[in-house]
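One structure below.
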Amino acid sequence: MTFFRSRLAAAWLVAAGATLAAPATMAQDLELSIIAPAGAGGGWDSAARALQEVMMSTGNARSVQVINVPGAGGTVGLAQFVQGAASSPNQMLVGGITMVGAIITNKAPYDLTAVTPIARLTGDPLVIVVPASSPYQTMADLMEGIKSDVERTIWAGGSAGGADHMLSALVTQAAGQDPAKVNYVAYSGGGEALAAMLGGQVTAGISGYGEWQGQIESGDLRALAISYPEPIEGIEAQPLKAQGIDIELVNWRGIFAGPDLAEADKAALEQAIAQTVQSPEWKELLAARGWSDYYAPSDEFTAFIASESERVKSILTSIGLAE
Amino acid sequence: MSTPTAKGLHKPTLVIGIALFALAFITWRDASAMQIRATYGMGADAASYFVALFLAVMGAGHLVAAFRWQDDPGPTDWKAVGWVALGLASLIAALWFGAGFIAGSTLLFVFTARAFGRRAWLADLALGFVLSLGIFLLFNKLLTLSLPMGPLERLF
Amino acid sequence: MESLAFLMQGFGTALDPMNLAFAAIGVLLGTAVGVLPGIGPALTVALLLPITFKLDPGGSLIMFAGIYYGGMYGGSTTAILLNTPGESASVVTALEGNQMARRGRGGPALATAAIGSFVATLIATAGLAFFAPMLVKVAIQFGPWDYFGLMLIAFVTVSATFGSSPLRGLTSLGLGLWLGLVGIDQLTGQTRLAFGVPNLLDGIEVTTLAVGLFALGEALHVASRHLFSDEKPIAIKGSVWMSREDWKRSWKPWLRGTAIGFPIGALPAGGAEIPTFLSYTTERKLAAKPEEFGQGAIEGVAGPESANNASAAGTLVPLLTLGLPTSATAAVMLAGFQQYNLQPGPLLFVQHPDLVWGLVASLFIANVMLLILNLPLVGLWVRLLKIPLPWLYAGILVFACMGTIAANPSVVELMMLVAFGVLGFLMRRYDYPIAPVVVGLILGPMADSALRRSLQMSLGDPMILLQHPGSAIMIAIAAIALVAPFAFKGLARFRQDED
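If you want it as structure tokens, here you go:
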């Protein structure tokens, strides 16, 4: 039991140190709590915990606590954050493109203009695959198939209205078909969709590259294209753009602070995050998790969210999930 | 345990039957207001209509059953139920108003013990507090899982 | 027999004294946390996972195996003793297990659960070691139509939990189906019955419903009755151990439970609940004394508990071979693998055979340890029931509420828990069975998605359900199972009339 006693003692020491310390103004004195608006094990949860790990190990924050507030594509966590974190210098929220979509489809009470974007962190490519037994060898073959029979081109991917669904609509549109006609079968996640792909029940599938990497490398699935704007080292499949299809869709994640944040506090958080993402520890972690660096500072991120919201809304409208 | 009542209208069964109809109606209304249609196959409303129909049939069954012989639940100690309910309400209130997990759980413990006939308030208060404190320390410190914080919890 | 050589090598690693100690700690911690009411295996593993990160990959994986199996086992203890299943797969165990505990036979109930878990896990882990790659090829051929057929069978078998009145049983089931509608529909994004409450958009959490109906409902019910009833739970009557008859009645259900649990657990969307329902019904049908069901039949604990544990080992098949987590627990385990840059999937067996076989060997060892640790504990657990009633129920309520808030720190979730508690109380008061509500909540959405996915793939043609042999056979079985009892009853009545 000494293991626990020492951990407990360490926790006491941290707590005692915290009460003695002056209010947090310096980055390395930050005591943060990060809300992951999803349950344990999901993408936002792992992003929040990754940030926790690196911010503490690089000394950019004294303590970081991750709180899970799951629900409705992150909109439950967002609403709680908007109400509870106003002008707070030590609370942050993780979010991403799925949240942008969920805000629109769920008609959520708050959108991302209610919070203060601090930085865009990661952006992962989506991959379009077909089963190894599929007659489609290239992206052009798949586009041809969609063009000739949009109904029987069955897609598998994550839940309705998510990034996977959006990409299937964009591809269908690029093939000259009505995106409202896309036959998209939603599964609870990349896993179940994977089983449908391997069982040959669907024509094509979409998921985060990392999730299906094993099957792509073993040859059970054939990757036709990725949705990233540029080629990525270590991924054989080429971007849609490089294959003459003008589509890009990145599954980005970013970090936000509460509404009405004082300029000095905002600067402190921006600095802490900027130093964290430039650290070798962060780069190592990205490589280990198979995440791609997609860092953008606050101003650029704010503008990006505005344009991304517009784009997501128009895609969802074309599918019939928003008006 | 239960005593059969005389032949006649069995009120609880009747009320449950009406409640089932109400539930069926709400479900049907909800289904008919759905806007997103499935492009292929069945939409999300199909299951709602099915459940609404199912509940309505059950409701009708209850209306028929209400006129048959029915067992009545035995005597009920409503005071005890009230104490437990008060305990649960205290926990909800403690979290709602930010009094924290320990305070709420202690009250839940004390009131539930009272429901089962205990009157040693102080002893139960102490026991409930120690239990709640133990759980809190176990979770927040050892397992780093955040139970709701209040003024008391911030001391640790 | 290349696998056997690898397995021996795995045992070599796992039997190192230090690693044995890690396994023992894992089993102990897993059981200790898993035994808390309202905390199921998924949460147990999630809570204890960070501890394993502090060790080297080998040791951590071994401790991890201990935690996983320990958490699985701990869940059944509270279901049996306190009627508070910590997860949906223990709901069926609670049905007969708690009845046994009330009659002073908690010891044999816990023992048959422990030994059944051991037997099931032993066989299923062996199945995992030798047949995983083969099984998974069959499993991925399972289309949505096949899942729909499986759901239909499960639905029909639920009637075994209905109790005395079909009307009340069906009403309970309907209530569960209704609760299953709540939330965003996964296939279309359409919201059903959420009434603008954001916390309802993700649907009703099965654990919240189960803990509310069982633990809180039970506490309210007992509170309302204890003044008038002499029926106090009896801690121990007769031996704490299983009698010769208990053994005789248990061994077949253990094996049957395993045979049902492992293959269904290995399906990418099979889950752990359906095998427990199927096993319960099977045992009831085959029991020498079916009238004992509902009054504490040991077969009703031995079968479902074995099925539950066999399916837990089954879920490791798609997890290790496809990287496909099919349960919340498996999803957390996946996160554990990724911590060491291991991506479960088709290449895992090829790239890291040492780790995979080390894990499999650890699972065997954890299983043995679990039995050694838990059989002596049975006597101790049973004494829990000797705690005076006021403190026992006060403690149950505190732990049940804590489990819910710990998993989701929201007042709304707690209110839902309390509302389900009141519902559970009223249902007990008016003699409605509880289990069908949980069954409806679990099966309803699964059946809905499976049927609609089938129809989406066939562009709306219902014949697709009959065109695939697998689904056609399962639908036929369900139909026969539904009609047969009525036919037999009619036949029996007909014969009686003739006499």
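Top to bottom, those sequences are chains W, A and L.
This note's numbering applies: residue 426 is where the first sequence begins, and numbers increase by one.
This note's numbering applies: residue 147 is where the second sequence begins, and numbers increase by one.
This note's numbering applies: residue 20 is where the third sequence begins, and numbers increase by one.
Even for Gly, the Cβ is constructed at its ideal location relative to N, Cα and C.
- For the pair L:Val-441 and L:Leu-235, the Cα-to-Cα distance works out to about 8 Å.
- In its chain, beyond the 5 residues on either side, Val-54, Leu-129, Trp-400 have a beta carbon closer than 7 Å to the beta carbon of L:Thr-96.
- Just so you know, the alpha carbons of W:Gln-638 and W:Lys-572 end up roughly 28 Å apart.
- Contact annotation, L:Ala-143 with L:Ala-307: C-beta distance approximately 26 Å; criterion of less than 8 Å not satisfied.
- Per DSSP, W:Val-610 lies in no alpha helix (DSSP H); the unbroken beta strand (DSSP E) holding it starts and ends at 608 to 611.
- In this chain, the beta strand (DSSP E) harbouring W:Arg-647 covers 646 to 651.
- Following the DSSP letters along the chain, one finds W:Arg-545 in no alpha helix (DSSP H) but inside the beta strand (DSSP E) bounded by residues 541 to 556.
- Contacts with chain W (Cβ-Cβ distance below 7 Å) from the stretch 214 to 233 of chain L involve Pro-217, Asn-218, Leu-220, Asp-221, listed in chain order.
- Unbroken alpha helix (DSSP H) stretches of 4 residues or longer found wholly inside the stretch 704 to 734 of chain W: 705 to 714, given in chain order.
- If you draw a straight line from the Cα of W:Asn-608 to the Cα of W:Pro-550, it is about 22 Å long.
- Residues of the stretch 163 to 195 of chain A that bring their beta carbon within less than 8 Å of a beta carbon in chain W comprise Ile-182, Arg-183, Thr-185, Tyr-186, in sequence order.
- Judged by pairs of C-beta atoms under 8 Å, the stretch 411 to 424 of chain L does not touch the stretch 119 to 139 of chain L, as fewer than three such pairs exist.
- By the criterion of at least three beta-carbon pairs nearer than 8 Å, the stretch 627 to 643 of chain W is in contact with the stretch 569 to 583 of chain W.
- Interface flag for L:Ala-158 against chain W is set, since a Cβ pair is found closer than 9 Å.
- Counting only Cβ-Cβ distances below 8 Å, W:Ser-458 has no contacts in chain L at all, with the closest Cβ about 12 Å away.
- In the same chain as A:Arg-260, and ignoring 5 residues on each side of it, the C-beta atoms closer than 6 Å to its own belong to Trp-229, in chain order.
- Bridge partners of W:Ile-459 according to DSSP: W:Val-491, W:Met-517.
- By the Cβ criterion, the stretch 197 to 217 of chain L is not in contact with the stretch 653 to 673 of chain W, since fewer than three pairs of Cβ atoms, one from each stretch, lie closer than 8 Å.
- Contacts between A:Pro-158 and chain L, judged by CB atoms closer than 7 Å, involve Tyr-449 in chain order.
- Taking 9 Å as the cut-off, the beta carbon of W:Pro-542 is found no closer than this to the beta carbon of W:Ala-693.
- In its chain, beyond the 5 residues on either side, Ser-236, Leu-237, Ala-240, Leu-241 have a beta carbon closer than 7 Å to the beta carbon of A:Gly-250.
- In the same chain as L:Leu-189, and ignoring 5 residues on each side of it, no C-beta atom comes closer than 6 Å to its own.
- By the C-beta criterion, the stretch 436 to 452 of chain L is judged not to be in contact with the stretch 267 to 287 of chain A, since fewer than 3 inter-stretch pairs fall below 8 Å.
- Judged by DSSP in its simplified three-state form, A:Thr-222 adopts coil rather than helix or strand.
- With respect to the 9 Å criterion, L:Val-397 and L:Trp-273 are not classified as neighbours on the basis of their beta carbons.
- The beta carbon of L:Ala-173 sits closer than 7 Å to those of Ile-293, Phe-296, Leu-297, Leu-462, all from its chain and outside the five residues before and after it, given in chain order.
- Ranked by how close their Cα comes to the Cα of L:Leu-228, the residues L:Gly-89, L:Thr-103, L:Gly-284, L:Leu-186 have L:Thr-103 in first place.
- A straight line joining the alpha-carbon of L:Ile-483 with that of A:Phe-196 spans about 21 Å.
- The alpha carbon of L:Arg-187 has as its nearest neighbour, out of A:Leu-279, A:Val-210, A:Ala-190, A:Met-188, the alpha carbon of A:Val-210.
- Partner residues in a beta bridge of L:Val-417, as assigned by DSSP, do not exist.
- If you draw a 10 Å sphere on the C-beta of L:Phe-444, you find 16 or more other C-beta atoms in it, and that means buried.
- Neighbourhood of W:Ala-605 in chain A, by CB distance below 9 Å: Thr-185, in chain order.
- By the criterion of a C-beta distance shorter than 8 Å, W:Ala-527 is surrounded in its chain by Ala-497, Gly-498, Gly-499, Thr-500, Ala-533, Gly-586, once the five residues flanking it on both sides are discounted.
- Within chain W, the residues whose beta carbon sits less than 7 Å from that of L:Thr-207 are Ala-585, listed in sequence order.
- Comparing alpha-carbon positions, the option among W:Pro-556, W:Val-491, W:Leu-710, W:Gly-484 lying closest to W:Val-519 turns out to be W:Val-491.
- Distances from the alpha-carbon of L:Arg-402 to those of L:Asn-218, L:Met-82, L:Arg-121, L:Val-52 put L:Arg-121 closest.
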